[in-house]
Every structure is written in structure tokens, then in C-alpha cells.
Amino acid sequence: MLQQWKTVLRQAFIKTGHTLDSQPTPKQVPPRAQTPDTFTSFLKTRPEEVIVMGPSVLSITEATSSTLATNLRNGAHLYSFGDGTVKDGIGAHGWQIRPSMDLSSNQGIVESAAQLDGHPSTITSLRTESLAVLAIMYYVRALCHYHSIPTSPSKIQYHFDNEEALSRLNTLPEFADTANPLATDYDVWAALHEAALSTPGHNFGTHVKGHQDGRIMFDLFYVSAAFHGSPWISGSK
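Below you can see the structure in the form of C-alpha cells.
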């Protein structure tokens, strides 16, 4: 019986062009993908995230994005602002992230706006503001990925006026235990949780009563732009 198996195996090797003494075929290693030359090119490889962030992120200069990356690498405190709204069944948001609360400084400021997905009859401001939070998180994550920043002690502060959106942001560490799959806009909540797990820095939210609350100001132009065909939405800024 053993001799028969030897014969069968030998015949199989011969039929496939092998001999018992032949060497195994070397494993072919696929070529390693090259890192895009610019951060903008890198963002273009993440089209689904750009939809959330808004197309104007593709117009941000390399110098501006590098300034934010340097701040993340050095552990600086970053400040972000956002707003969302729904009009005639269409949702939109605007957001901004900056390395300083000095409103006279324009260095390292990234801002964008976007129209958002959602059923016209059920879309809520909670969804639009939560997606603004997600947009900021996506941008920071992409920035750290491109600039090889695996960890950062930076605190990333989100200023919003939607208390539920902030509550979801601030309780993301307990998401698995507290999030209700039947909750409104659970899909965005889950996306926030996934993004937070892979985004360097410490995310936390601060509630503001309005968009001119003490030192905190946010120009709603970026939200209204989503409804009026602004270059911020078309990406031609």
C-alpha cells in the first residue's frame, strides 16, 4: 500500500512538471504601495471620508496641513468648532480646526463644509453636527497617518452647541456598553467610535450656548455655503 502511494505521488509530480528533488517556487511578494507625494493626494485615496469632510479639504495648502501635523507631533492643544443644520430636508455642516484660540492668527487653520446624507423626512441636526465632529476626526486621523504620527498627547477640543452630539463624543470610551443600536443616527455614532479608536490625541467636547459665546466664535458661512453653491462646496476655493 505504501509503495502504491509513492507511485501516485511520483506520477502527480511528473504531470505537473516537478520532480521529487525540485525546489519550491519562491513566494512572489507584491510591490509595496508608494505613499502619495502630498497630503492632498493622500486624501484623494480616501474618497468616502472626503465626502464627510467636504471637498474643500482638497484645497488646503500643504503648509497649512503640515503646521497642524507639527502641532499634533508636539502635543499641542488643538481647538475645533462646528455646526450643523437642516433646511428643506437637506443637511449640511461646517467645521474648523486650529492650533490657537488667537483669532487674529490664520496659521494652521483648516475649515470645510459639506452637504450630508440622510433621508429628507428624518434627517436631524444631531446627525449633521455629529458628522461635523466625525469630519474633524477623519481629518486628524488622515493627517497623523500621512505624517507617521502613531500617537499624540494632544488634546483636541470640540466646541458645539448640540448637547447630544457632545455627550456621544465624550462617552465614546463606554460606547460598547452604553450605545443603543436603535438610537437616532446610531450609524454616525458607531463611525465616531471606530474613528476615535484609530485617531491619535484625546478628544473631548465643550458645549457652547451659541456661536458667539465669550471668546468662542464660529462663522456660520461654512454651513450656509452648503445651501448656496459656494466654492467651499464645489472645491474651487
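All letters in the sequence shown, in the order written, are residues 15 to 251 by my numbering.
We put the beta carbon where it would ideally sit given N, CA and C, even for glycine.
Assigned exposure category for residue i - 16 Cβ within 10 Å defines buried
i: Asn194; result: exposed
i: Leu186; result: buried
i: Gly105; result: buried
i: Phe53; result: buried
i: Arg24; result: Reliability fails at Arg24, whose pLDDT of 49 lies under 50, so the model's placement of it is uncertain and no value is given.
i: Ser70; result: buried
i: Ser79; result: buried
i: Gly96; result: buried
i: Gly228; result: Because Gly228 carries a pLDDT of 47, less than 50, the predicted location of this residue cannot be relied on, and the following value inherits that uncertainty. Result: exposed.
i: Ala197; result: exposed
i: Ala83; result: buried
i: Glu62; result: exposed
Best match in the options for proximity to residue i [C-alpha to C-alpha]
i: Ala77; options: Pro134, Asn120, Met151 and Phe189; result: Asn120
i: Ser73; options: Ala127, Lys101 and Tyr93; result: Ala127
i: Lys223; options: Met115, Leu180 and Val100; result: Leu180
i: Val100; options: Asn85, Thr142, Gln110 and Met67; result: Thr142
i: His133; options: His216, Thr49, Phe56 and Asp199; result: Asp199
i: Leu86; options: Ser162, Asp175 and Gly98; result: Ser162
i: Ser114; options: Ser94, Val71 and Leu183; result: Ser94
i: Asp174; options: Trp109, Ser118, Ala190 and Asp201; result: The sequence given here places Phe at residue 174; Asp does not occur at that position. Considering only alpha carbons, the answer is Trp109.
i: Gly98; options: Leu145, Pro50, Ala190 and Asp201; result: Leu145
i: Asn176; options: Ser118, His221 and Met67; result: His221
i: Thr253; options: Met67, Asp201, Ser55 and Asp116; result: Nothing can be reported for residue 253: it is not among the residues displayed for the chain, which extend from 15 to 251.
Under 9 Å between C-beta atoms of residue i and residue j
i: Leu130; j: His107; result: yes
i: Leu57; j: Ala209; result: no
i: Gly122; j: Tyr172; result: no
i: Glu125; j: Ile111; result: yes
i: Val147; j: Leu183; result: yes
i: Glu188; j: Leu140; result: no
i: Ser135; j: Gly103; result: yes
For residue i, the first and last residue of its enclosing alpha helix (DSSP H)
i: Val66; result: Pro61 to Met67
i: Val154; result: Ser139 to Tyr160
i: Ser181; result: Glu177 to Asn184
i: Ser55; result: Phe53 to Leu57
i: His207; result: Tyr200 to Leu211
i: Lys190; result: Residue identity differs from the one stated: residue 190 is Ala in this sequence, not Lys. That run of the alpha helix (DSSP H) goes Phe189 to Thr192.
Boundaries (first-last residue) of the beta strand (DSSP E) holding residue i
i: Ala90; result: Where Ala90 is concerned, there is no enclosing beta strand (DSSP E), given that its DSSP letter is neither H nor E.
i: Val71; result: Where Val71 is concerned, there is no enclosing beta strand (DSSP E), given that its DSSP letter is neither H nor E.
i: Thr220; result: His216 to His221
i: His173; result: Lys169 to Phe174
i: Ile104; result: Ile104 to Arg112
i: Ser126; result: Val124 to Leu130
Any C-beta of chain D under 9 Å from that of residue i
i: Lys101; result: No chain D appears in the structure shown, which is made up of a single protein chain.
Residue i CB to nearest heavy atom of the ligand NAP below 8 Å
i: Glu143; result: By its list of ligands, the structure shown contains no ligand whatsoever, and the ligand NAP lies outside what it can speak to.
Any chance the region 204-224 sits against the region 131-151, with 3 or more Cβ pairs inside 8 Å? yes
Is the region 164-178 touching the region 210-217, taking contact as three or more C-beta pairs under 8 Å? yes
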